[in-house]
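Participant: Pasting a structure here, questions to come.
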Amino acid sequence: MENQVPLRHHHYPETEAEYEAELTETENEFAEQLEEVEEKAHKQIQRYLLWGSLSVVVNIAMFYLFNSIFGVEYQISNLLAWVFSVQTAFWVDKLLVFKHASDHPFRDMGKFYGTRVFTYILEAVILYVGISLLSFHPTITKVIGHGLAVIGNYFFSKWFIFNNKAHTKA
Numbered sequence: 001m002e003n004q005v006p007l008r009h010h011h012y013p014e015t016e017a018e019y020e021a022e023l024t025e026t027e028n029e030f031a032e033q034l035e036e037v038e039e040k041a042h043k044q045i046q047r048y049l050l051w052g053s054l055s056v057v058v059n060i061a062m063f064y065l066f067n068s069i070f071g072v073e074y075q076i077s078n079l080l081a082w083v084f085s086v087q088t089a090f091w092v093d094k095l096l097v098f099k100h101a102s103d104h105p106f107r108d109m110g111k112f113y114g115t116r117v118f119t120y121i122l123e124a125v126i127l128y129v130g131i132s133l134l135s136f137h138p139t140i141t142k143v144i145g146h147g148l149a150v151i152g153n154y155f156f157s158k159w160f161i162f163n164n165k166a167h168t169k170a
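According to the UniProt record's numbering, the stretch in the sequence shown is residues 1 to 170, in order.
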């Protein structure tokens with residue numbers, strides 16, 4: 001056993017030139033993979049902005065309709081607009097933005113609504129401060145509050161709901 005030569009793997013570089021060539025090849029492969037991931041993320045953000053604008057339009061339009069046309073109190077108008085826009089956003093995000101395949105769409109919907117509650121509360125606080133305390137215009141305050149909520153919603157959707165790491169179809 002003492003005279004046994006250690007096994008050599010043919011894929012290990014033996015010279016500095018081979019090492020440098022393999023290192024360059026590995027760096028190039030990594031750069032290509034990184035570029036693909038960045039391109040995919042960039043396209044996903046573009047789809048979120050494009051298709052997500054639909055749920056923003058639904059949210060703002062429903063708020064305006066309930067609050068300004070029907071005279072419903074602004075927090076109730078916000079809640080009604082939220083329900084309509086979250087339902088729109090769930091299906092748009094699932095099918096068009098994140099292209100998420102799942103055997104459990106209602107569980108995904110529950111998680112989606114759960115994360116949206118946090119941003120709804122954030123928006124409700126912004127509305128209260130903007131409208132009740134600072135007397136800003138309700139629709140303008142709504143646009144500002146909803147804009148901040150949209151940013152939070154993207155990250156919640158990407159990381160917690162439509163991440164395709166679990167419960168996806170084969």
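Virtual Cβ for every residue (Gly too), placed ideally from N, Cα, C.
Would you grab the beta carbon distance between F98 and V58 for me? Rounded to a whole angstrom, and I think it's under 8 Å.
Facilitator: Their Cβ separation, rounded to whole angstroms, is 19 Å, which puts F98 and V58 out of contact at 8 Å.
Participant: If we define contact as Cβ-Cβ less than 9 Å, is V129 a contact residue for chain D?
Facilitator: Note that chain D does not occur in the displayed structure, where there is just one protein chain.
Participant: Between the C-alpha atoms of L34 and Y64, what's the straight-line distance to the nearest angstrom?
Facilitator: Their backbone Cα atoms lie some 43 Å apart in a straight line.
Participant: Roughly how many whole angstroms lie between the Cα atoms of V150 and T141?
Facilitator: C-alpha separation (whole angstroms): 14 Å.
Participant: Using CA atoms only, rank isn't needed, just tell me which of Y128, D93, H146, S135 is closest to W159.
Facilitator: Among Y128, D93, H146, S135, the Cα nearest to that of W159 is on D93.
Participant: Can you tell me whether DSSP reads residue 172 as helix, strand or coil?
Facilitator: As shown, the chain starts at 1 and ends at 170. That puts residue 172 outside it, with no answer to give.
Participant: Taking one C-beta from the region 129-136 and one from the region 18-37 each time, how about it: are there three or more such pairs within less than 8 Å?
Facilitator: Touching, no, given that fewer than three Cβ pairs across the two stretches are closer than 8 Å.
Participant: Could you tell me the alpha carbon to alpha carbon distance between F118 and V125, rounded to whole angstroms?
Facilitator: Using only the alpha carbons, I get a separation of about 11 Å.
Participant: Assuming S55 and T88 are in contact, meaning their beta carbons sit under 8 Å apart, how far apart are those beta carbons, in whole angstroms?
Facilitator: At roughly 5 Å, the Cβ-Cβ gap stays under 8 Å, so S55 and T88 are in contact.
Participant: For E14 and T115, I'd like the C-alpha separation in whole angstroms.
Facilitator: Cα to Cα, the separation comes out at about 54 Å.
Participant: Please tell me whether V86 and Y113 are closer than 9 Å, where the distance is taken between their beta carbons.
Facilitator: Yes, the pair counts as a contact, with Cβ atoms nearer than the cut-off.
Participant: Pop quiz: F66 and L80 are said to be a contact at Cβ under 8 Å. What is the actual Cβ separation, rounded to whole angstroms?
Facilitator: With a Cβ gap of about 5 Å, F66 and L80 count as contacting.
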